[in-house]
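Trainee: Top to bottom, those sequences are chains A and B. The numbering used here numbers the first residue of the first sequence as 35 and each following residue consecutively. The numbering used here numbers the first residue of the second sequence as 24 and each following residue consecutively. Glycine included, C-beta positions come from ideal geometry on N, C-alpha and C.
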Amino acid sequence: MTPPAITARAMAAAVRGGADPGAWARVAADRAAANPWNAFRPFHREAVEAQVQGLNRAGRLAGVPVVLKDNLADEGQPCGCASRALEGYLAPYSATCVARLRAEGAVVVGRSNMDEFAMGSSTENSAYGPARNPLDERRVPGGSSGGSAAAVAGGVVPIALGSETGGSVRQPASFCGIVGFKPTYGRISRHGLVAFASSLDIVSPFALDTRDAALLAEVMAGHDPLDSTSLREPVGDWEGACDGVVSGLRVGVLAEGEGEGVEPGVAARVAEAVESLSRQGAVVSRVSIPAMRLALAAYYVIAPGEASSNLARFDGVRYGSRAAASTLAELYLHGRGQGLGPEVQRRILLGTFALSAGWAEEYYVRAQRARARITADMEAALREVDVLVSPTSPTVAFKIGDRALDPLAMYLADILTVPASLAGLPAISVPCGQSEGLPVGLQITGRRNDEATVLRVASAVG
Amino acid sequence: MRFEAATVQELAGLSRLEVAPERATALAGELSRIVSYVEMLAALEGIDEGRPGATPRRDDVARPGSPRLVELAAGCDADVVRLPRVVETE
Chain A
35 MTPPAITARA
45 MAAAVRGGAD
55 PGAWARVAAD
65 RAAANPWNAF
75 RPFHREAVEA
85 QVQGLNRAGR
95 LAGVPVVLKD
105 NLADEGQPCG
115 CASRALEGYL
125 APYSATCVAR
135 LRAEGAVVVG
145 RSNMDEFAMG
155 SSTENSAYGP
165 ARNPLDERRV
175 PGGSSGGSAA
185 AVAGGVVPIA
195 LGSETGGSVR
205 QPASFCGIVG
215 FKPTYGRISR
225 HGLVAFASSL
235 DIVSPFALDT
245 RDAALLAEVM
255 AGHDPLDSTS
265 LREPVGDWEG
275 ACDGVVSGLR
285 VGVLAEGEGE
295 GVEPGVAARV
305 AEAVESLSRQ
315 GAVVSRVSIP
325 AMRLALAAYY
335 VIAPGEASSN
345 LARFDGVRYG
355 SRAAASTLAE
365 LYLHGRGQGL
375 GPEVQRRILL
385 GTFALSAGWA
395 EEYYVRAQRA
405 RARITADMEA
415 ALREVDVLVS
425 PTSPTVAFKI
435 GDRALDPLAM
445 YLADILTVPA
455 SLAGLPAISV
465 PCGQSEGLPV
475 GLQITGRRND
485 EATVLRVASA
495 VG
Chain B
24 MRFEAATVQE
34 LAGLSRLEVA
44 PERATALAGE
54 LSRIVSYVEM
64 LAALEGIDEG
74 RPGATPRRDD
84 VARPGSPRLV
94 ELAAGCDADV
104 VRLPRVVETE
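Written out as structure tokens, the structure is:
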């Protein structure tokens with residue numbers, strides 16, 4: 035029994051029908067243990083067997099193997115965030131999203147490689163070494179949730195969890211030819227997700243198809259009193275929304291997604307996907323939101339600002355590796371200097387600068403105003419159309435090392451995903467063909483709390 | 024905005040990060056480039072309208088931790104607080 039190309043729904047249906055509940059998980063665990071594409075972290079086989087013994091055989095995810103990004107807490111397991119600073123750290127409790135998956139019968143078979151503390155777009159900024167794209171091992175799988183994306187794209191598991199801050203699930207989904215779905219900010223609890231930028235962070239699923247992504251998100255979503263930003267609105271039938279038709283829906287093609295830097299092959303595949311929606315009865319128009327051009331600049335002020343504050347806890351006292359030191363000040367300086375990697379340090383310094391008394395008005399406050407403008411303009415556009423579409427990424431997966439020495443070039447990989455993150459809107463990346471033999475993703479962004487329409491359109495594409 | 028190595032070291036002090044001198048020079052160039060890009064935020068007409076009330080801010084000076092916190096800690100060694108083990112390992 036091999037898992038590739040079998041959906042989570044099919045696996046769970048087999049288990050509910052009487053199949054061995056541990057069969058899928060054991061095969062997946064064995065494959066993950068070999069660590070293909072450097073996508074995985076060691077996970078104890080006994081932990082897999084323990085889960086199989088007690089799993090819910092009637093659950094919506096009965097017996098389905100799943101991989102967790104290394105920044106999600108799972109009681110008793112390492113939670114290293116791909117950082118030397120958290121080497122040896124074991125999570126003392128499980129994230130709400132992980133507990134909800136297990137309640138529906140899912141089996142965690144491994145943890146996945148990522149950019150350190152989710153800061154990156156290629157999964158090269160990792161203390162575990164770079165992850166590779168299963169479709170072309172010379173290329174990155176995207177990031178920061180690249181290990182989880184590789185695990186699904188390579189057929190080890192049908193579903194996996196990542197986290198989004200500025201596109202860290204949608205962009206790797208695009209690079210790996212799978213589905214990555216970011217619900218509205220606050221839909222899925224952040225309890226147990228190691229914080230990067232708290233006003234942006236959200237747990238998000240990867241899957242082979244839109245319906246599995248909808249199912250996985252639906253299982254995890256819903257109010258959680260342990261997260262003060264958790265939404266109270268009812269979740270609804272997201273899986274069922276995938277049955278809907280798009281006839282009559284208004285689709286806005288973002289002019290900002292057609293600009294400079296978008297590869298011709300990417301633009302062509304997106305245009306074909308839009309044409310397909312039009313043939314199915316969708317009403318297509320062109321939409322421009324000029325403020326979106328500021329999104330990346332705003333993001334790279336706000337996210338590092340929040341990171342500089344959130345990561346202060348990795349001081350060798352509360353969390354983090356403890357360096358040899360003779361004073362408290364030395365303990366902080368040595369421990370953080372040695373434990374945190376170059377990209378994390380760069381963003382902490384950038385955030386400290388943006389929040390400093392001398393520069394906060396010019397950078398942080400201005401970025402917050404830009405964020406408010408982008409949010410208002412996107413919401414206004416979404417009163418005229420039902421969804422906005424664009425490429426997920428301007429390019430296909432780039433080669434390992436190509437952007438590693440140029441932080442700004444790496445940041446530009448997020449240029450089309452950060453607007454929905456700043457606005458807190460639901461967005462999905464679905465495969466829409468290939469360019470130069472590599473997958474292209476179509477991004478669909480919807481209204482706040484209207485994941486159903488996003489999933490409906492996504493199902494019509496993929 | 025152009026960063027110098029000294030600026031990076033000042034930010035590193037505020038961030039409680041130890042940055043080697045050669046790394047500070049490289050970071051100065053990287054941060055200069057990133058912040059130059061970010062400066063496009065000033066470009067959108069009207070974006071500075073309706074600014075919210077200013078938030079009071081502290082001076083940009085790294086301060087030592089509070090000695091009072093150390094005094095109150097259940098276990099301490101010089102000025103390092105010893106915390107109880109949370110997760111027991113074999």
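Express the C-alpha separation of residue 150(A) and residue 433(A) in angstroms, rounding to a whole number.
Mentor: Rounded to whole angstroms, residue 433(A) to residue 150(A) spans 19 Å at the Cα level.
Trainee: Taking 9 Å as the threshold (C-beta atoms), are residue 288(A) and residue 254(A) in contact?
Mentor: For residue 254(A) and residue 288(A), no; Cβs fall outside 9 Å.
Trainee: So which of 493(A), 228(A), 424(A) has the shortest CA-CA distance to residue 343(A)?
Mentor: Residue 343(A) has its Cα closest to that of 228(A), out of 493(A), 228(A), 424(A).
Trainee: What does DSSP give as the partner residue(s) for residue 193(A) in the beta ladder?
Mentor: Looking at the DSSP assignment, residue 193(A) forms a beta bridge with 100(A), 241(A).
Trainee: Taking DSSP as the reference, what is the three-state secondary structure of residue 205(A)?
Mentor: It is helical.
Trainee: Sort out for me which residues DSSP pairs residue 469(A) with in a bridge.
Mentor: In the DSSP output, where bridge partners are listed per residue, residue 469(A) has 472(A).
Trainee: Spatial neighbours of residue 385(A) within its chain, please: C-beta separation below 6 Å, excluding the five flanking residues on both sides.
Mentor: Excluding positions up to five away in sequence, the list reads 338, 339, 341, 342.
Trainee: Identify which residue in 54(B), 44(B), 41(B) has its Cα closest to the Cα of residue 387(A).
Mentor: That would be 54(B), whose Cα lies nearest to the Cα of residue 387(A).
Trainee: So the candidates are 50(A), 182(A), 477(A); which of them puts its Cα closest to the Cα of residue 512(A)?
Mentor: What is shown of chain A runs 35 to 496, which leaves residue 512(A) out entirely.
Trainee: On a CA-only basis, which of 63(B), 82(B), 85(B), 57(B) is nearest residue 26(B)? Give me that one, please.
Mentor: Of the candidates 63(B), 82(B), 85(B), 57(B), the one whose C-alpha sits nearest the C-alpha of residue 26(B) is 57(B).
Trainee: With a cut-off of 8 Å, do at least 3 Cβ pairs link the segment 42-60 of chain A to the segment 79-98 of chain A?
Mentor: The segment 42-60 of chain A, when compared against the segment 79-98 of chain A, does touch it at the 8 Å Cβ threshold.
Trainee: What are the boundary residues of the alpha helix (DSSP H) that includes residue 7(A)?
Mentor: Outside the shown range of chain A, which is 35 to 496, sits residue 7(A), and nothing can be said about it.
Trainee: Note down, in chain order, every chain A residue with its Cβ under 8 Å from the Cβ of residue 25(B).
Mentor: Per Cβ cutoff of 8 Å: no residues; residue 25(B) is ~12 Å from chain A at best.
Trainee: Output needed for residue 273(A): all residues of its chain with C-beta closer than 7 Å, excluding positions within five of it in sequence on either side, in chain order.
Mentor: Taken in chain order, the residues that qualify are 245, 248, 249, 252.
Trainee: Using a Cβ cut-off of 9 Å (strictly closer), state whether residue 74(B) contacts chain A.
Mentor: The predicted position of residue 74(B) is uncertain, since its pLDDT is 49 and thus under 50; no value can be drawn from it.
Trainee: For residue 479(A), list the residues DSSP reports as bridge partners.
Mentor: Answer is 422(A), 461(A), bridged to residue 479(A).
Trainee: Is the distance from the Cβ of residue 494(A) to the Cβ of residue 242(A) below 9 Å?
Mentor: No, they are not a contact pair.
Trainee: Using a cut-off of 8 Å between C-beta atoms, extract the partners of residue 87(B) located in chain A.
Mentor: Near residue 87(B) (Cβ distances below 8 Å), the residues of chain A are 362, 363.
Trainee: By a C-beta neighbour count over all protein chains shown, 10 Å radius and 16 as the cutoff for buried, is residue 75(B) buried or exposed?
Mentor: Confidence is the limiting factor: at residue 75(B) the pLDDT is only 49, short of 50, which leaves the residue's position unreliable, though a coordinate-based value still follows. Counting Cβ neighbours within 10 Å, residue 75(B) comes out exposed, since fewer than 16 surround it.
Trainee: Mind checking residue 114(A): buried by the 16 CB within 10 Å criterion, or exposed?
Mentor: Result: buried.
Trainee: Applying the criterion that 16 or more other CB atoms from any shown protein chain within 10 Å of the CB defines a buried residue, is residue 402(A) buried or exposed?
Mentor: When all chains shown are included, residue 402(A) counts as buried.
Trainee: Check for me: the beta strand (DSSP E) holding residue 320(A) runs from which residue to which?
Mentor: Residues 317-321.
Trainee: Can you say whether residue 258(A) is buried or exposed, counting buried as having 16 or more other CB atoms within 10 angstroms of its CB?
Mentor: Residue 258(A) is buried by the Cβ-count criterion.
Trainee: With the cut-off set at 9 Å, would you say residue 183(A) and residue 209(A) are in Cβ contact?
Mentor: It is a contact, given that the beta carbons lie within the stated cut-off.
Trainee: Among 263(A), 194(A), 389(A), 286(A), whose alpha-carbon lies nearest the alpha-carbon of residue 221(A)?
Mentor: The residue with the shortest Cα to Cα distance from residue 221(A) is 263(A).
Trainee: Helix, strand or coil for residue 79(A) per DSSP?
Mentor: DSSP places residue 79(A) in helix when its eight states are reduced to three.
Trainee: For chain A, find out if any of its Cβ atoms is closer than 9 Å to the Cβ of residue 41(B); answer yes or no.
Mentor: Judged by the 9 Å Cβ criterion, residue 41(B) is in contact with chain A.
Trainee: Which partner residues of residue 57(B) appear in the DSSP bridge assignment?
Mentor: In DSSP, residue 57(B) forms no bridge with anything.
Trainee: Who pairs with residue 19(A) in a beta bridge, going by DSSP?
Mentor: Outside the shown range of chain A, which is 35 to 496, sits residue 19(A), and nothing can be said about it.
Trainee: Are the segment 392-410 of chain A and the segment 327-337 of chain A touching by the rule of at least three beta carbon pairs closer than 8 Å?
Mentor: Touching, yes, given that three or more Cβ pairs across the two stretches are closer than 8 Å.
Trainee: For the beta strand (DSSP E) holding residue 134(A), just list the boundary residues, first then last.
Mentor: Not the beta strand (DSSP E): residue 134(A) falls in the alpha helix (DSSP H), residues 130-137.
Trainee: Kindly indicate if chain A contains any beta-carbon less than 9 Å away from that of residue 65(B).
Mentor: Chain A contact via Cβ: present.
Trainee: What would DSSP say about residue 151(A), mapped onto helix, strand or coil?
Mentor: Three-state result, residue 151(A): helix.
Trainee: At the level of alpha carbons, what is the spacing between residue 153(A) and residue 203(A)?
Mentor: In a straight line, the C-alpha of residue 153(A) is about 12 Å away from that of residue 203(A).
Trainee: Going by Cα to Cα distance, which pick from 451(A), 223(A), 314(A) is closest to residue 130(A)?
Mentor: Of the candidates 451(A), 223(A), 314(A), the one whose C-alpha sits nearest the C-alpha of residue 130(A) is 223(A).
Trainee: For residue 324(A), does the three-state DSSP call read helix, strand or coil?
Mentor: Three-state result, residue 324(A): helix.
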